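What follows is a set of notes on a single structure, which appears directly below.
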Amino acid sequence: MLIIFTGNGKGKTTAAIGQALRAVGNGSKVLMVQFIKGSWKSGEDISSKELYPNFKIIKKGKGFVRIGDDKIPFEEHQKAAQDALVYAEEQIGLKKWNIVILDEIWNALSLKLVTPESVVDFISKNILITDHLIMTGRDCPQEFIDKADLVTEMMEIKHPFAKGLPGKKGLEY
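Take a look at the structure:
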């Protein structure tokens with residue numbers, strides 16, 4: 001099953017992690033590959049270690065692209081995202097994961113870190129190997145929404161960022 005969590009609101013990664021927790025609780029093994037998030041520690045990094053080897057999070061991203069004080073060359077971000085796609089495919093080939101989550105893949109696509117063709121190819125090669133693919137991020141193109149079995153759009157109605165408030169530990173990271 002291809003599951004997509006997209007939209008401009010909070011909760012895409014959170015929803016994917018919720019699915020992961022539910023699946024692990026029912027005996028599944030889940031791999032989350034993060035395409036954008038950098039090396040900083042988040043709550044999910046810490047808690048997923050408690051569920052290892054049934055739930056594993058791998059950060060392949062270099063951090064936010066062209067936001068704030070990003071000094072990493074675009075080509076490094078691009079290579080990291082492309083490597084993440086290759087890594088996810090290699091892991092699926094091992095046939096040990098019931099669910100594979102590509103976190104912020106749609107952001108990587110809209111930033112041109114990966115190509116639409118590479119994502120189409122990834123889905124077509126892997127959708128029948130693993131039980132479920134979950135793909136998250138803003139700006140999911142319609143062509144992928146049309147292919148998906150389940151799509152949820154998170155819509156921002158109100159968010160503390162709009163008031164200039166920083167992200168809260170435990171809620172945002």
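First residue of the sequence shown? That's 1 in the UniProt record's numbering, and the numbers climb one at a time after it.
Glycine included, C-beta positions come from ideal geometry on N, C-alpha and C.
The structure presented is a predicted model; accordingly, all values stated were derived computationally and were not measured.
Subject >> Opening and closing residue of the alpha helix (DSSP H) in which Thr6 lies >> reply: The residue labelled residue 6 in the question sits at position 6 within the sequence shown. Per DSSP, Thr6 belongs to no alpha helix (DSSP H); it is in the beta strand (DSSP E), 2-7.
Subject >> Beta-carbon gap between Glu50 and Thr13 smaller than 9 Å >> reply: Locating residue 50 in the sequence shown gives position 50, where the first residue counts as 1. Locating residue 13 in the sequence shown gives position 13, where the first residue counts as 1. Not closer than 9 Å, so no.
Original post:
Is the segment 131-140 touching the segment 100-118, taking contact as three or more C-beta pairs under 8 Å?
Top reply: yes
Subject >> Backbone CA spacing between Lys60 and Ile3 [nearest angstrom] >> reply: Taking the sequence shown and counting its residues from 1, the one referred to as residue 60 is at position 60. Taking the sequence shown and counting its residues from 1, the one referred to as residue 3 is at position 3. Their backbone Cα atoms lie some 21 Å apart in a straight line.
**OP:** Output yes or no for whether 9 Å exceeds the beta carbon distance between Ile134 and Leu113.
**Re:** Residue mapping note: residue 134 aligns to position 134 of the sequence shown, counting from 1. Residue mapping note: residue 113 aligns to position 113 of the sequence shown, counting from 1. No.
Subject >> Phe55, DSSP secondary structure in three states >> reply: In the sequence shown, residue 55 corresponds to position 55, counting from 1. In the structure shown, Phe55 sits in a strand (DSSP, three-state: E or B).
Subject >> Exposed unless 16 or more other CB atoms sit within 10 angstroms - verdict on Ala20 >> reply: Here residue 20 refers to the residue found at position 20 of the sequence shown. Answer is buried; the Cβ neighbour count reaches 16.
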